[in-house]
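Chemist:
Residue numbers (my numbering): -19 to 863.
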């Protein structure tokens, strides 16, 4: 029996051994500290996790008291735990503090269980300890955050409550059924209800009946997107006060949810009664202002018409009298005074109308490619005679970096320069006026007009751009003018995004500066618009036309009829729009001159009627508007009505002739018989054969000497007579060389008043730039035809006595200098300053003869540096060809 009781079967030993190994493995791999100890607290086992958590090794702790881990103030805890263990009671998840080997206290969660022997006796305790330091720290932080959040919520709630209670706008909140919750004091004041009276009622009671019904429908759609469509969007509705009065409000809605099924709405409401009143007042004021602007525009148009109509007669008839050679002496001076005074008055009227257009925002700017040097030439040509009359030098200085072609509004820039240079001439008694141009690094062009005139004081300088301001009252009396010129210049410069300023020294002159953004145009394909006077027609148009004149003012009609009849045209007059329409349907005309403002049927309506009633297969009938209006919208209406051109009053006869010659189709009109009479009366007999092809009166006025002009024509025909063929040949091989030849030919022909050749050369130039070789070839053939007509006629003009050729007397050594002189001349012309080239022209005239050089002299005298450069290029090309 004893053996049996003390011996264990083999398999039982194996199971026990396996259990012990499994338990040891679990203890070793646990992340919690597992410790066993005796009932008096002596450590008997110490797993790896205990080493990691507390820092002591097993060797250091086994056999030591567990109290080594307790803080001094917690020693009693161990005794209490052991008492419970001795009684068989487990201590579970007890959170406390323990001390590590390094002296740092950590938070732990402790579970202590009794250890029993086989007899069930308590022989020790097992302890599982988990490090909860990080958990404690997280809990502390969360606790602190909750405390702070509660504090912020309390503060924010107080602030929101204060905001709601003190807000100037009404703030109302409702639940999902539209029942009112918050109703702030501003809402109480706006609607007349107290919070206690309105709380819990439907918000519909604050709306008129129709709006209330819509609101109820809105809330019935609680589960649809329609309900929230206006959230965050301000809208205007009508609201109702307690006394039944309705008023406009602006309402912005906000939305949130207190719970998934508990929506909450907030409305911010503003009483816009005062705003609506202001808007209505502003609308009324705007209507009045627009009516005033329309009245002003109508007044300007009427004033322009009423003043320009008699001015047209005064200027026109005075020019007719001055054209009569029989009027001489005192009578002629009186008429000249009347004519000049009328033009001065017209200038003042133009200043006033210009300022009114700018002030009213009616000024429209163009953006076109244009030549700055050509624009300067035009300005100086217009003012040259006035400067010469006062014996003033008119100079121009153009920096080499100024682009040849710019993009901008040439008409407005020309107006500014005419004003500033004109003022400089007006206020200068002796000395010079210099116009300077240079390009700045930022793409702007800097203009400066410098004079040696009377100058200004500091006070006068400060007010120089102010409205109706001149230096003083005596200045106005001495020099005249409205004081609008510089104001208009300032406004135009600012409209073009530029700057303008002035410098002056009293008694020593002034300088007016302005800068404008004028981008350079570099593309060779860009068409450059030429000024209208580049190919200006002479007063004797080559064709005579049958003209219908529609004009209700008899004085104006008589003037136009008289002047056009003298030039060989047939003019039929109608004094109404109805009469003009009837005449066009019954008779045939080459062109119509249509006054715009006529009673009953005005010119616009008459034009539309003519365009609509005229047969579609009829020859196109050009209609030219004659109007005293300067408003851009009036000119636009003319073109929209079907008019081909718009000319202002007082009538410019040359402009009428030019427009007629341009607009009347080829093949219309007849040969102008006055050309022959004009040639017989004013043109030397030797040049008379050229009258059909050349604008001889203008050419002789330009050249001043018939013999010099004839020699220049001979030189031109010798050098360029075969240019049509040469250009056509170049089109097959090197079109660019053909273009350069056409470009040079254009300038020379225009200078000699060979309008047809100049036009064809310009067409070829533009066509080759646009790569339209078919057009260039056709124009080259027409050019050959023009030269075929010109060459024999020039041959007929040769004098029986050969002209002296100064170039023939020049020794060969001097002739060798010609290429260098021409290149120096070419560079000097780029400066656009006559003084830079005067001596070179004199030397070249000795070496080449006046016939070759005189065209350039004339061009320079007229500040036409583009043509002078073209002439120089032509000479250089010809001499290279001869070499």
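Backbone N, C-alpha and C fix where the C-beta goes; we use that ideal spot for every residue, glycine too.
Cβ atoms of residue 418 and residue 471: under 8 Å apart, would you say?
Modeler: no
Chemist: Excluding sequence positions up to five away, which residues of its chain have a Cβ less than 7 Å from the Cβ of residue 738?
Modeler: Result list for residue 738: 515, 726, 729, 730, in chain order.
Chemist: State buried or exposed for residue 776, treating a residue as buried only when at least 16 other CB atoms are found within 10 Å of its CB.
Modeler: Counting Cβ neighbours within 10 Å, residue 776 comes out exposed, since fewer than 16 surround it.
Chemist: By the 10 Å Cβ neighbour count, where 16 or more other Cβ atoms means buried, how is residue 8 classified, buried or exposed?
Modeler: Residue 8 should be labelled exposed.
Chemist: Return the Cβ separation of residue 732 and residue 692 in integer angstroms, given the expectation that the two are a contact with Cβ distance under 8 Å.
Modeler: 6 Å
Chemist: With DSSP run on the structure shown, which of helix, strand or coil describes residue 389?
Modeler: coil
Chemist: Mind checking who residue 431 pairs with in its DSSP beta bridge?
Modeler: 413
Chemist: What number of angstroms, rounded off, separates the C-alpha of residue 259 from the C-alpha of residue 250?
Modeler: 16 Å
Chemist: Ignore the nearest five residues each way along the sequence and tell me which others in residue 853's own chain have a CB closer than 6 Å to its CB.
Modeler: 724
Chemist: Give every residue of the same chain whose Cβ lies closer than 6 Å to the Cβ of residue 623, excluding the five residues on either side of it in the sequence, and list them in chain order.
Modeler: 587, 603, 605
Chemist: Report buried or exposed for residue 63, applying the criterion of at least 16 other Cβ atoms within 10 angstroms of its Cβ.
Modeler: Residue 63 comes out exposed.
Chemist: Terminal residues of the continuous alpha helix (DSSP H) containing residue 713?
Modeler: 703 to 713
Chemist: When DSSP labels each residue in this structure, what does residue 175 get in the three-state scheme?
Modeler: helix
Chemist: Tell me where the beta strand (DSSP E) around residue 592 begins and ends.
Modeler: Segment 583 to 593 is the alpha helix (DSSP H) holding residue 592; no beta strand (DSSP E) there.
Chemist: Evaluate the contact criterion for the region 702 to 717 versus the region 751 to 758: three or more CB pairs, one atom per stretch, below 8 Å.
Modeler: yes
Chemist: List the endpoints of the continuous beta strand (DSSP E) containing residue 493.
Modeler: 489 to 497
Chemist: Leaving out five residues on either side along the sequence, give the residues of the same chain with a beta carbon under 6 Å from the beta carbon of residue 850.
Modeler: 724, 727
Chemist: Assuming residue 431 and residue 487 are in contact, meaning their beta carbons sit under 8 Å apart, how far apart are those beta carbons, in whole angstroms?
Modeler: Residue 487 and residue 431 do not touch by the CB rule: their CB atoms are close to 12 Å apart, not below 8 Å.
Chemist: Is it buried or exposed for residue 772, if we count other Cβ within 10 angstroms and need 16 for buried?
Modeler: exposed
Chemist: Per DSSP, residue 250 is paired with what?
Modeler: 230
Chemist: Three or more C-beta pairs closer than 8 Å, one from the region 555 to 571 and one from the region 538 to 546: is that the case here?
Modeler: no
Chemist: Can you tell me whether residue 629 is helix, strand or coil according to DSSP?
Modeler: coil
Chemist: Can you check whether the CB of residue 58 is closer than 8 Å to the CB of residue 112?
Modeler: no
Chemist: Should residue 821 be labelled buried (16 or more other beta-carbon atoms within 10 Å of its own) or exposed?
Modeler: buried
Chemist: Residue 696 bridges to which residues according to DSSP?
Modeler: In DSSP, residue 696 forms no bridge with anything.
Chemist: Got a sec? Which residues, its chain only, sit under 8 Å from residue 226 by beta carbon, not counting five neighbours each side?
Modeler: 188, 218, 219, 220
Chemist: Apart from the five residues just before and just after residue 108, which ones in its own chain have a Cβ nearer than 6 Å to its Cβ?
Modeler: Residues of the same chain with a CB within less than 6 Å of the CB of residue 108, apart from the 5 flanking positions on each side, are 12, 14, 91 in chain order.
Chemist: I need the DSSP call for residue 370, collapsed to helix, strand or coil.
Modeler: Three-state DSSP puts residue 370 in coil, outside helix and strand.
Chemist: Taking the alpha carbon of residue 365 as the point to measure from, which residue in 315, 378, 394, 401 has its own alpha carbon closest?
Modeler: 401
Chemist: In this structure, does DSSP put residue 734 in helix, strand or coil?
Modeler: coil
Chemist: Hey, how far is the Cα of residue -16 from the Cα of residue 50?
Modeler: Caution is warranted here: a pLDDT of 37 is assigned to residue -16, below 50, making its placement in the model unreliable, and no coordinate value can be reported.
Chemist: Under 8 Å, with one C-beta from each stretch per pair, do the region 618 to 634 and the region 524 to 532 reach the 3-pair mark?
Modeler: Because the criterion of three Cβ pairs below 8 Å is not met, the region 618 to 634 and the region 524 to 532 do not touch.
Chemist: So, for residue 182: in the same chain, excluding its five sequence neighbours on each side, which residues have a beta-carbon less than 7 Å away from its beta-carbon?
Modeler: 158, 159
Chemist: Nearest-angstrom Cα distance between residue 509 and residue 391?
Modeler: Legend: pLDDT at residue 509 = 36, less than 50; position of this residue unreliable, no value from coordinates given.
Chemist: Use the C-beta contact count for residue 579: other C-beta atoms within 10 angstroms, 16 or more gives buried, fewer gives exposed.
Modeler: exposed
Chemist: Taking 7 Å as the limit between beta carbons, can you name the residues of its chain near residue 617, skipping five residues before and five after?
Modeler: 584
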